[in-house]
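Report on one structure; see the data block that follows.
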Amino acid sequence: MNWTKIILIAIGIFIAVMLGFSLIGIIYSAFWYLFWIGVIAIAGTVGYKLLKKTETKQIEDRQPIGISDLNNADKTLEEYKRKYLSE
46 MNWTKIILIA
56 IGIFIAVMLG
66 FSLIGIIYSA
76 FWYLFWIGVI
86 AIAGTVGYKL
96 LKKTETKQIE
106 DRQPIGISDL
116 NNADKTLEEY
126 KRKYLSE
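Numbers 46 to 132, taken from this note's numbering, label the letters of the sequence shown in order.
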C-alpha cells in the first residue's frame with residue numbers, strides 16, 4: 046500500500062512538473078511572437094515615415110486666392126468703411 050502511494054505521488058509530481066514546463070513554454074512562445082510582431086510593426090512605422098512624401102504646412106485648406114476674390118474683398122472692405130467708419 047505504501048509503495049503504491051509513493052509511486053502515485055511520484056507520477057503526480059512528474060505530471061505537474063511536465064504541465065508546468067508546458068505552460069512556461071506556451072508563455073515564452075507567446076512573448077516571442079509578440080516580440081517579433083512588435084519588431085515588424087516598428088519597422089513598418091519607420092519605413093512609412095521615411096518613405097512618406099513631406100507635405101507643406103498650410104494655414105487654410107483653401108485654394109490660392111484669385112484676382113476675383115481680391116476684388117470682392119476690396120468691395121467688402123469699402124462697404125465696411127462706409128458703414129462703420131463714417132459714424
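Cβ atoms here follow ideal geometry from the backbone N, Cα and C, with glycine treated the same way.
Going by DSSP, Y73 is part of the alpha helix (DSSP H) stretching over 47 to 96. Across the structure, I58 and L68 are spaced so that their CA atoms are roughly 15 Å apart.
A direct Cα-Cα distance of roughly 17 Å separates K128 from N117. G92 has its alpha-carbon roughly 24 Å from the corresponding atom of F76. For K102, the three-state secondary structure derived from DSSP is coil.
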